[in-house]
Amino acid sequence: LIVNLTSLERAGEAKKYTQELLKLREKSFGKESLLYFSALLNLGNSYTVLQMYDSARYYLDEAVQIEKKIEAPDSWIGFLYYQIGKVHLDKREFEQGRSYVRKAIAATDIELKKFMANNELRYELRGYPFYLYELAKSYKESGDYKKGLEEIQNGLIACLNQFDSYDIKDNP
């Protein structure tokens, strides 16, 4: 529900529900849990969509601290770093934003390789192309069109290389 509200540009509602969910998950599972970590990610995302960047960073930074103590999936860590990068890119802090987006790509790439080795394609990895796109777009927005085009080309090649080993016949 929360992710859907955010994607439907109803981030204010999503933020309200996620704040309640965060309290419930802290009470039920404690702060050092994957469920609490997930709520922090969603809350940070809602604040980013609402362009409330200081609040977004507060919750995302808290998620970074928790991530160091729990075993979060690499794709979730990728989403965390993507969200932090998005905050900086939206604020036109391009170098810092790109650094975090590259961390997101690297974390997601780890999990993508694990799944591809088992001939699996997982929904959790859907962010990977978006991370590549945001990186390329950041160069365009800063006026370096050539570097933006280069990043798009590199991203497409990386995606093709990753999916080259995926056997679609066995996984329709």
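Counting in the numbering used here, the sequence shown runs from 174 upward without gaps.
Backbone N, C-alpha and C define an ideal beta-carbon position, used for all residues, glycine too.
- The beta-carbon distance between Leu223 and Ile257, rounded to whole angstroms, is 16 Å. This is too long to meet the 8 Å contact definition.
- DSSP, reduced to helix, strand and coil, places Ser206 outside both helices and strands of the structure shown, so it counts as coil.
- With respect to Leu214, Val237 sits apart: the two C-beta atoms are not nearer than 8 Å.
- Asp317 sits in coil when the DSSP states are folded into three classes, being neither helix nor strand.
- Residues Ala280, Ile283 and Glu284 of the same chain have their beta carbon placed closer than 6 Å to that of Asp247, with the five preceding and five following residues left out of the count.
- Non-local beta-carbon contacts of Phe202 in its own chain, meaning distances under 7 Å to residues more than five positions away in sequence, involve Leu208 and Tyr209 in chain order.
- According to the DSSP assignment, Gln238 belongs to the alpha helix (DSSP H) that extends over Tyr226 to Glu240.
- Excluding the 5 residues flanking it on each side, Leu195 has same chain C-beta neighbours closer than 8 Å at Tyr209, Ala212, Leu213 and Leu216, in chain order.
- If you check the CB distance, Tyr306 and Ala277 do not come in under 8 Å.
- Boundaries for Ile243: no alpha helix (DSSP H) harbours it, and the DSSP string shows neither H nor E there.
- A direct Cα-to-Cα measurement between Ser219 and Glu323 gives close to 31 Å.
- When DSSP states are grouped into helix, strand and coil, Leu216 belongs to the helix group.
- Assigned with DSSP and collapsed to three states, Glu324 falls in helix.
- In the three-state DSSP reduction, Leu223 falls in the coil class, being neither helix nor strand.
- Across the structure, Ala245 and Gly270 are spaced so that their CA atoms are roughly 22 Å apart.
- In the structure shown, Arg265 falls within a coil segment according to DSSP collapsed to helix, strand and coil.
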